[in-house]
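Q:
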Ligand code: PEP
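Residue numbers (our numbering): 296 to 556.
As structure tokens, then:
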């Protein structure tokens, strides 16, 4: 039986304000969250409010990005210590919007992964192929490059195999993010199975079996249940459908139906 608890993670991106965090807090405090790890990645200015709102629950909060350095002259950036200081436990690294908008390559993403781990955070590494790459049948090569090059860069920046217990991976095909096009359950399962076998090569069989792999890309209440029954899908990273408490709570309920694997 798998020890992988299902995860429902909300990526609010550049949406919602502190007043919305209070609305979510009310809904979360009365919800049944017992079978799912629930995470939120709000905008930086909203994080501390959300942390307070969910203090009496099991919900955890994270940052959407961090700098690869621990401190220093980097105007506008935030370090792992800032996220911890705001009460956050997690950080996202390598989201495709940061890769595209800020030119973050695999090496830069790996250095950020190491900074998060060094700073005692749990790290969710995002990766996934573009439509062009999928059509060129390069999906597996892209995923392999993103994970191998990223993890090797993280190692060079001090991450060790012992840190892998604080790593989760979100497979997010870029063509499915915010487009309403979800990967079919079979396609998502294939990519997740490939990532788990790659993780076996990199981290060892035991660590790979315990590694949580999330799917992201237009997950909604209407499609989460067919995805969560796939053997290697341990939860979701949700953008658009996480902005409404009702739809995100429904996705959490869908995650709770994940069969043991
Ligand atoms: C995301 O940005 O991580 C994401 C999966 O967005 P959406 O659910 O809106 O596709």
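All C-beta atoms, glycine included, are put in the ideal place defined by N, C-alpha and C.
Only a predicted model underlies this, so the values are computations on that prediction, with no experimental measurement involved.
#1: Which residue wins for smallest C-alpha separation from residue 356, given the options 333, 327, 470 and 329?
#2: Can you give the Cα-Cα distance for residue 541 and residue 550, rounded to whole angstroms?
#3: Taking 8 Å as the threshold (C-beta atoms), are residue 462 and residue 490 in contact?
#4: For the stretch 418–475, list the beta strand (DSSP E) runs that are entirely contained and at least 3 residues long, ordered along the chain.
#5: May I have the straight-line CA-CA distance separating residue 452 from residue 445, to the nearest angstrom?
#6: In or out: residue 360 buried (at least 16 other Cβ within 10 Å) or exposed?
#7: Hey, residue 477 and residue 471: beta-carbon distance below 8 Å or not?
#8: Could you tell me the distance, in whole angstroms, from the CA atom of residue 354 to the CA atom of residue 384?
#9: Beta carbon of residue 513: closer than 7 Å to some heavy atom of the ligand PEP?
#10: Taking 8 Å as the limit between beta carbons, can you name the residues of its chain near residue 547, skipping five residues before and five after?
#11: Could you please give me the residues that DSSP links to residue 306 through a beta bridge?
#12: Please work out which residues of its chain come closer than 6 Å, Cβ to Cβ, to residue 390, disregarding the five sequence neighbours upstream and downstream, and give them in chain order.
#13: Nearest to residue 496 by alpha carbon, out of 439, 341 and 363?
#14: What is the rounded straight-line gap between the Cα of residue 519 and the Cα of residue 513?
#15: Hey, out of 493, 522 and 536, whose CA is closest to residue 474's CA?
A: Reading off the structure:
#1: For the purposes of this step, residue 356 is taken as residue 61 along the chain shown, with counting starting at 1. Selected option, being the one with the closest Cα: 333.
#2: Position 246 of the chain shown, counted from the first residue, corresponds to residue 541. Position 255 of the chain shown, counted from the first residue, corresponds to residue 550. Rounded to whole angstroms, residue 541 to residue 550 spans 14 Å at the Cα level.
#3: Position 195 of the chain shown holds residue 490. Position 167 of the chain shown holds residue 462. No, Cβ-Cβ distance for residue 490 and residue 462 is not below 8 Å.
#4: 462–466
#5: Here residue 452 refers to the residue found at position 157 when the chain shown is read from its first residue. Here residue 445 refers to the residue found at position 150 when the chain shown is read from its first residue. One C-alpha to the other measures close to 11 Å.
#6: Counting from 1 along the chain shown, the entry for residue 360 is found at position 65. It is buried - the Cβ of residue 360 has at least 16 other Cβ atoms within 10 Å.
#7: For this step, residue 477 is matched to residue 182 along the chain shown. For this step, residue 471 is matched to residue 176 along the chain shown. Yes, Cβ-Cβ distance for residue 477 and residue 471 is below 8 Å.
#8: Position 59 of the chain shown, counting from 1, holds the residue named residue 354. Position 89 of the chain shown, counting from 1, holds the residue named residue 384. Cα-Cα distance, rounded: 10 Å.
#9: Reading the chain shown from its first residue, position 218 is the one you call residue 513. Yes.
#10: In the chain shown, residue 547 corresponds to position 252, counting from 1. Correct list, in chain order: 303, 326, 328, 331 and 333.
#11: Here residue 306 is taken as the residue at index 11 of the chain shown, counted from 1. Beta-bridge pairing links residue 306 to 336.
#12: For the purposes of this step, residue 390 is identified with residue 95 of the chain shown, where counting begins at 1. Contacts found: 421.
#13: Here residue 496 refers to the residue found at position 201 when the chain shown is read from its first residue. That would be 439, whose Cα lies nearest to the Cα of residue 496.
#14: Looking up residue 519 in the chain shown gives position 224. Looking up residue 513 in the chain shown gives position 218. Rounded to whole angstroms, residue 519 to residue 513 spans 10 Å at the Cα level.
#15: Locating residue 474 in the chain shown gives position 179, where the first residue counts as 1. The shortest Cα separation from residue 474 among 493, 522 and 536 belongs to 536.
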